[in-house]
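The listed protein sequences derive, respectively, from chains A and B. Letter by letter, the first sequence follows residues 6 to 114 of my numbering. Letter by letter, the second sequence follows residues 30 to 153 of my numbering.
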Amino acid sequence: SSELTQDPAVSVALGQTVRITCQGDSLRNYYGSWYQQKAGQAPILVIYGKNKRPAGIPDRFSGSRSGNTAYLTITGAQAEDEADYYCNSRDTNGYIYYVFGSGTKVTVL
Amino acid sequence: EVQLVESGGGLVQPGGSLRLSCVASGFTFNKHDMHWVRQTPGKGLEWVSTIGTGGATFYGNSVRGRFSVSRDDATNSLYLQMNSLRVEDAAVYYCARASYYYDSGDYYFWFDPWGQGTQVTVSS
């Protein structure tokens with residue numbers, strides 16, 4: 006299957022740690038990437054590769070993978086981290102295409 | 030500054046056509062594949078199409094045969110020609126730059142940056 010499954014919503018207390026999961030068969034072959042989208046804005050890349058952050062992304066964001074699951078961890082969540090987070094992967098399945106997860110709404114309490 | 034700016038969205042009737050544009054700046058456009066991604070409130074982000082530096086094109090199942098992606102490297106422009114539009118094609122359409130690398134047998138890819146998006150509404 007090419008689908009990526011994410012929990013619809015999670016909440017985290019200010020300064021605490023939250024881990025967002027993304028499950029899918031294609032993640033056994035690819036690390037994929039993670040995107041943050043705040044209300045009314047375009048998505049921005051937060052994690053790519055095994056665990057790389059673009060310039061300007063705080064080091065409290067980290068990524069990992071185990072089996073068919075990818076993880077985005079926010080260590081010491083801040084109020085400005087409240088957003089939707091999407092994972093992304095790719096599957097050839099005889100045809101090259103990309104797939105995004107359904108998104109996880111992170112609320113910082 | 031790396032920047033992507035979309036335009037061309039609007040209201041169109043079912044069965045109609047629309048052409049979206051995306052102008053790139055701040056990077057060497059002709060060295061990058063480019064993507065179109067759309068977003069609806071109900072379905073989240075959906076990959077629409079990719080065009081390679083050599084002009085190879087790829088489409089998602091829901092748009093193949095109706096949409097056509099193209100690029101003009103002379104003007105740093107990306108296009109999405111959308112024909113036979115359906116109500117379910119209504120969305121915010123984003124263009125995004127593609128990046129890839131290989132390391133120790135693994136293949137990595139990401140979409141960065143994204144444009145601000147352009148709204149497409151399909152309604153009678």
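The C-beta atom is built at its ideal place from N, Cα and C for all residues, glycine as well.
| Asked | Found |
| --- | --- |
| Following the continuous beta strand (DSSP E) through residue 73 of chain B, name the residue where it begins and the one where it ends. | 73-80 |
| What in chain B is Cβ-close to residue 35 of chain A, meaning under 9 Å? | 135, 136, 137 and 138 |
| Pick helix, strand or coil for residue 35 of chain B, following the three-state DSSP scheme. | strand |
| Using only CA atoms, which one of B/108, B/116, B/60 and B/144 lies nearest to residue 125 of chain B? | B/144 |
| Is residue 87 of chain B close to chain A, meaning its C-beta is less than 8 Å from at least one C-beta of that chain? | yes |
| Which residues, in order along the region 79-106 of chain A, keep a beta-carbon less than 8 Å from a beta-carbon of chain B? | 91, 93, 95, 100, 101, 102, 103, 104, 105 and 106 |
| Taking the continuous beta strand (DSSP E) assigned at residue 95 of chain A, which residues delimit it? | 88-96 |
| Below 8 Å, can you find three or more Cβ-Cβ pairs linking the region 104-123 of chain B to the region 82-90 of chain B? | no |
| DSSP state of residue 60 of chain B, grouped into three classes? | helix |
| For chain B, find out if any of its Cβ atoms is closer than 8 Å to the Cβ of residue 50 of chain A; answer yes or no. | yes |
| Is it right to say residue 79 of chain B is buried, meaning 16 or more other beta carbons lie within 10 angstroms of its own, or is it exposed? | buried |
| Can you tell which of B/148, B/139 and B/151 has its C-alpha closest to the C-alpha of residue 59 of chain A? | B/139 |
| Counting only runs that start and end within the region 11-71 of chain A, where is the alpha helix (DSSP H) found for 4 or more residues in a row? | none |
| Start and end of the beta strand (DSSP E) containing residue 86 of chain B? | 86-88 |
| Between the Cα of residue 54 of chain A and the Cα atoms of A/44, A/111, A/38 and A/46, which residue gives the shortest distance? | A/38 |
| I'd like to know if the region 22-39 of chain A and the region 36-44 of chain B are in contact, where contact means that at least 3 CB-CB pairs between them fall below 8 Å. | no |
| Would you mind reading off the limits of the beta strand (DSSP E) that contains residue 126 of chain B? | 120-132 |
| Mind checking if residue 38 of chain A is an interface residue toward chain B, Cβ cutoff 8 Å exclusive? | yes |
| What are the partner residues of residue 107 of chain B, as DSSP defines its beta bridges? | B/51 and B/100 |
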